[in-house]
Amino acid sequence: MGQVLSWRELQARLDEKRRQGSTVALANGHFDLLHVGHLRYLQAAAEQADLLVVAINDDASVARLKGPGRPIVPMAERAELLAALAPVDFVVVFESDSPADLLVSLKPHVHCKGTDYGAPENVPEYETVRKYGGRTVLVGDPKDHATSDLIAKVKEL
23 MGQVLSWREL QARLDEKRRQ GSTVALANGH FDLLHVGHLR YLQAAAEQAD LLVVAINDDA
83 SVARLKGPGR PIVPMAERAE LLAALAPVDF VVVFESDSPA DLLVSLKPHV HCKGTDYGAP
143 ENVPEYETVR KYGGRTVLVG DPKDHATSDL IAKVKEL
């Protein structure tokens, strides 16, 4: 089972794991209303390195990015659910709309994003990751599942 850690705790843990030779992948997102697309994304991300860190937006940034009524599931619960998934080693919460500062701080070997970006160069943080020597990869299945679609479907019932 994964652990939910603060940035500082995670940095210390990753420093220790790197000294032991481990590589680190980071996947990020809102993860509101966890669905099979999320799971497949995280399974594929975990294959990219020895350890998988999942960074989630805090509630305020989800509300800014997704609009009123979001997130559906509060941050602490989203973090707990993600930490319980087999592919996940660590979960960390970030407050900004972008994970760029977290990426610069943690410097994962691989930044994993979903296939909906089309190409690694289309990921907003691509240059940030490239500048510190990491790589960006697209992982997971085609974007056939979306939280917004689930919300719309429930509203129709």
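Residues in the sequence shown are numbered consecutively from 23, following this note's numbering. A virtual CB, placed ideally from N, CA and C, is assigned to each residue, including glycine.
CB of Leu48 within 8 angstroms of CB of Leu160, strictly: No; because the gap between Cβ atoms is not below 8 angstroms, this pair is not in contact.
Problem - Cβ-heavy atom distance, Thr45 to the ligand NAD, below 7 angstroms - result: Questions concerning the ligand NAD fall outside what the structure shown contains, since it holds no ligand whatsoever.
Gly155 in three-state terms, based on DSSP: Reduced to three states, the DSSP call for Gly155 is coil.
Just how far apart, CA to CA, sit Glu87 and Leu104?
-> First, the residue type needs correcting, since residue 87 is Leu and not Glu in the sequence shown. So the alpha carbons of these two residues sit roughly 20 angstroms apart.
Just to confirm, is the Cβ distance from Leu27 to Val126 under 8 angstroms? Taking 8 angstroms as the Cβ cut-off, Leu27 and Val126 do not qualify as a contacting pair.
Item checked: Straight-line Cα distance separating Arg152 from Leu73 -> Computed Cα separation, rounded: 20 angstroms.
| query | Which residues bound the beta strand (DSSP E) around Val75? | reply | Note, Val75: beta strand (DSSP E), 73-79.
For Arg100, which of Ser120, Ser118, Asp81, Arg157 has the nearest alpha-carbon? For Arg100, the closest of Ser120, Ser118, Asp81, Arg157 by C-alpha to C-alpha distance is Asp81.
Neighbourhood of Val110 by C-beta, 7 angstroms cutoff - its chain only, sequence neighbours within 5 removed
Correct list, in chain order: Gly24, Leu64, Leu74, Val76, Leu104.
Report yes if the C-beta distance between Gly59 and Asp123 is below 8 angstroms; otherwise report no.
Not closer than 8 angstroms, so no.
* Among Ser44, Glu147, Asn144, Asn79, nearest to Glu69 - alpha-carbon criterion -> Glu69 has its Cα closest to that of Ser44, out of Ser44, Glu147, Asn144, Asn79.
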